[in-house]
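Only one structure is covered here, and it is reproduced in the block below.
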Amino acid sequence: MEENESKNEGDVTLPKACMDRLFQTALPKATKLSKEAREFFKDLGIKFIQIITVAAHKICENESKKTIVPDHIFKALEELGFIEYVDECKKTLTDYLELSKRRPSKKNTFEESGLTMEELLEKQKKLFEEAKKEMDKTLEDESLSEE
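Under the numbering used here, the letters of the sequence shown match residues 2 to 148, in that order.
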């Protein structure tokens with residue numbers, strides 16, 4: 002990839018930690034990759050994602066939809082000859098959705114507290130007052146110790 006081309010793509014990149022983990026799991030332990038090789042593989046990953054995204058976007062447009070959904074990605078993978086990835090992608094999506102369901106939502110935390118919005122605001126106000134008193138006390142103690 003040319004220098005100008007990568008600058009034009011701007012913020013498009015893959016997380017370094019994610020790429021490092023990929024290299025560690027995919028390559029034998031004794032394998033060392035040069036910085037250039039790491040960049041090359043990162044660029045390949047970016048290109049792969051862009052190709053899949055463009056294909057999914059075309060599928061989305063052909064269906065007169067405005068938002069790319071997972072099924073568009075699965076169809077794009079199939080059309081581009083990456084059928085072997087579809088099942089793993091579907092499994093990963095299912096796992097992610099299951100995990101998301103189990104994660105408590107912040108909205109539910111407030112609803113399940115049993116307090117009204119006014120009570121929550123009053124509680125917050127008291128917490129701020131206590132924090133201010135604690136800060137004032139700390140500042141007072143510090144000024145006394147300096148004397």
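No residue lacks a Cβ here, since even glycine has one placed at the ideal position from N, Cα and C.
Since we're looking at a predicted model, the values are computed, not measured.
Please state whether the Cβ-Cβ distance between I69 and L78 is less than 8 Å.
By one-based count along the sequence shown, residue 69 stands at place 68. By one-based count along the sequence shown, residue 78 stands at place 77. Their beta carbons are not under 8 Å apart, which means I69 does not touch L78 by this criterion.
Quick check: L81 and A56, are their CB atoms within less than 8 Å of each other?
Position 80 of the sequence shown holds residue 81. Position 55 of the sequence shown holds residue 56. Yes, the pair counts as a contact, with Cβ atoms nearer than the cut-off.
Touch check for the segment 34-44 and the segment 16-25: three-plus C-beta pairs under 8 Å?
Yes, the segment 34-44 touches the segment 16-25.
Evaluate C61 with the Cβ neighbour count: other Cβ atoms within 10 Å of its Cβ, from every protein chain shown; 16 or more gives buried, anything less gives exposed.
Counted from its first residue, the sequence shown places residue 61 at position 60. Counting Cβ neighbours within 10 Å, C61 comes out buried, since at least 16 surround it.
Report the start-end ranges of each alpha helix (DSSP H) in the segment 5-41 that is 4 residues or longer and not cut off at the edges.
Counting whole runs of 4 or more residues, the segment 5-41 contains the alpha helix (DSSP H) stretches 17-27.
May I ask which residues mark the beginning and end of the alpha helix (DSSP H) holding E89?
The sequence position of residue 89 within the sequence shown is 88, counting from 1. Element bounds for E89: 84-103.
By the three-class DSSP mapping on this structure, what secondary structure does E3 have?
Position 2 of the sequence shown, counting from 1, holds the residue named residue 3. Here the model assigns E3 a pLDDT of 48, short of 50, so the residue's position is not dependable, and the following value carries that caveat. Correct three-state label for E3: coil.
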